[in-house]
Every structure is written in structure tokens, then in C-alpha cells.
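Top line first, the protein sequences correspond to chains H and S. Under numbering that gives the first Met the number 0, the first residue of the first sequence is numbered 0, with each subsequent residue one higher. Under numbering that gives the first Met the number 0, the first residue of the second sequence is numbered 0, with each subsequent residue one higher. Glycine is no exception: its CB is placed at the ideal position from the N, C-alpha and C atoms.
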Amino acid sequence: MSSDSANTLRSPLKRARGSGSAKEGVNTFLAERVSAVALVPLTLWFVFSVARLPILSYGAVRQWLQSPSVAVALVLFLAVLFYH
Amino acid sequence: MSSPAPQARRDRPLSPFMIGPYYKPQLTSMLSIVHRICGVALSVGSVLLVWWLVAIAAGPWSYVAFAEHAAAWYGQVLMLGWSWALLYHLCNGIRHLCWDLGWGYSIPVVYRTGYVVVAASLLLTGAAWGLAYVL
Numbered sequence: 000m001s002s003d004s005a006n007t008l009r010s011p012l013k014r015a016r017g018s019g020s021a022k023e024g025v026n027t028f029l030a031e032r033v034s035a036v037a038l039v040p041l042t043l044w045f046v047f048s049v050a051r052l053p054i055l056s057y058g059a060v061r062q063w064l065q066s067p068s069v070a071v072a073l074v075l076f077l078a079v080l081f082y083h
Numbered sequence: 000m001s002s003p004a005p006q007a008r009r010d011r012p013l014s015p016f017m018i019g020p021y022y023k024p025q026l027t028s029m030l031s032i033v034h035r036i037c038g039v040a041l042s043v044g045s046v047l048l049v050w051w052l053v054a055i056a057a058g059p060w061s062y063v064a065f066a067e068h069a070a071a072w073y074g075q076v077l078m079l080g081w082s083w084a085l086l087y088h089l090c091n092g093i094r095h096l097c098w099d100l101g102w103g104y105s106i107p108v109v110y111r112t113g114y115v116v117v118a119a120s121l122l123l124t125g126a127a128w129g130l131a132y133v134l
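Next up, the structure:
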């Protein structure tokens, strides 16, 4: 037995089969954090922009969405939101 | 080995589950549970967000159908709930990011940031709705 296996709680069979973590945990963790950081400004922008909108007026909402900067920010917000 | 007698089964100590009579509700555990409930509610609520966007895209007539529900009392309640859940999840999410960076683990700090998160989420929700109704 090598000194490695003496210091581990994993059984030799488990080591031989190569089972262990799924090796995807760090990526999932980072993706959640990065999207969280991106959502902080996007969410604040979205909430306070929509709050200032006359939400029941189709014309006003449509006009708001026609601005390219609003459209880009909203697409970013939705994409990151659903990814998060 | 035979299965244990019913008497022995009863005498075994129970592993205490977080919900139930075993733990006193605390600010820390409650905020944690609320964070998760808000996350689930926001996922469901984002379907309504998509409905809003589809209604805009589909034209004025479908927007009237949306606006009727949005203006109704239940629509206002849902939007109020969704906005608070979103802002609470945002504030507590920042608290989580601080923990990920290794900051704020001592019990007094955890409680202080907990109260700050509750207050900030309520203030932000009040500010957004104040803006909506004043303007």
C-alpha cells in the first residue's frame, strides 16, 4: 500500500474505479457567483426602470423598449437571470 | 441478523430535522429558508415576467389582457411580492457573496448583516413602489 492510500478515507476499490466528485462542482459554483455579481446592477436597473414606467400603458412600455440601451440591458438581464 | 424489535426502534435517538419542534426558529435559519423560498418563487414569477414581454411583443390587444390582470388587486399583490422577493434575494445574495469571500462568519456579524438585509430589502421595495405611485 502506498502512503497515499493510507492517508485517505476512500477505499482502494473506489480509487481503482475512479469514482469521486463529478468534477463539475467548481464550474457550477463559479457560474452561480459570476451570474450573481452580474445580476446585482442589472436587477437594480430593472426594478427601478419598471417602477418609473406607466406599466399599464402599452405605448409607454413599447417606447421604453425601443431604446437600444434598454433592449440590450433587458436581454442581458433575462439571459443572466435564467442562467442563474 | 434479525430486524430489531419495535421497542428498540422506538428508543433510538432521532436526528433532528431543521423544521419541527427540535430547533428554536432563529433569524439566521429563517433568513436562510426565506432566501431559498424567494429563489423558488422568483423562478415561478419569471414566467409572469415572460408573459409581460410576450404581451408587449404580441401587440396592444394582448397587452390590454395583461394590463387588466396587472391592475387587479391580485396582480398588484403578486408584483409587490415578486419585487420584494427579488430585492430580498438580491440583498441576501450579496451577503452570501461576502461569505464566499470569507467575510462575516462571526455570530454578531451574521445577525447584524441579517438585520441590514431585511431593512435594505424593505427600503428598496418601498422606494420602488413609491417611485411607481408618485410618478
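Under the Cβ criterion of 9 Å, residue 92/S is counted among the residues facing chain H. Judged by DSSP in its simplified three-state form, residue 16/S adopts coil rather than helix or strand. For the 9 Å CB-CB criterion, residue 50/H and residue 83/H do not form a contact. With respect to chain S, the C-beta atom of residue 82/H has no partner C-beta closer than 9 Å.
Under the Cβ criterion of 9 Å, residue 8/H is not counted among the residues facing chain S. When rounded, the separation of the alpha-carbon atoms in residue 44/H and residue 21/H is 37 Å. Taking 9 Å as the threshold, the shortest C-beta distance from residue 27/H to chain S does not fall below it. Neighbours of residue 61/H across chain S, judged by C-beta separation under 8 Å: 55. In this structure, DSSP gives residue 34/S a helical state, which the three-state scheme calls helix. A contact between stretches requires three or more CB pairs, one per stretch, nearer than 8 Å, and the stretch 48-62 of chain S meets this requirement with the stretch 57-67 of chain H.
Taking the beta carbon of residue 39/H as reference, the chain S residues within 8 Å of it are 89, 92 and 93, listed in sequence order. Check the Cα spacing between residue 62/S and each of 72/S, 71/S, 51/S and 70/S: the tightest is with 51/S.
Its chain contains 26 and 30 as the residues whose beta carbon lies nearer than 6 Å to that of residue 113/S, once the 5 sequence neighbours on both sides are disregarded; these appear in chain order.
By the 16-neighbour rule on beta-carbons within 10 angstroms, residue 116/S is buried.
Between residue 125/S and residue 88/S, the C-beta spacing is not below 9 Å. Just measuring C-alpha positions, the residue of 36/S, 93/S, 11/S and 69/S sitting nearest residue 119/S is 93/S. Within chain H, the residues 50 have their CB atoms less than 7 Å from the CB of residue 131/S, given in chain order. The beta-carbon distance between residue 40/S and residue 69/S, rounded to whole angstroms, is 18 Å. This is too long to meet the 8 Å contact definition.
Using beta-carbon distances, residue 59/S counts as an interface residue toward chain H, with a partner under 9 Å. For the C-beta of residue 82/S, the chain H residues within less than 9 Å are, from N- to C-terminus, 46, 49 and 50. When the five nearest sequence neighbours on each side are left out, the beta carbons in the same chain lying within less than 8 Å of the beta carbon of residue 75/H are those of 37 and 41, in order along the chain.
Straight-line measurement puts the Cα of residue 32/H at about 22 Å from the Cα of residue 81/S. For residue 62/S, the neighbours in chain H by C-beta distance under 8 Å run, in chain order, 57 and 60. Take the alpha-carbon of residue 131/S and the one of residue 62/H: they are about 17 Å apart.
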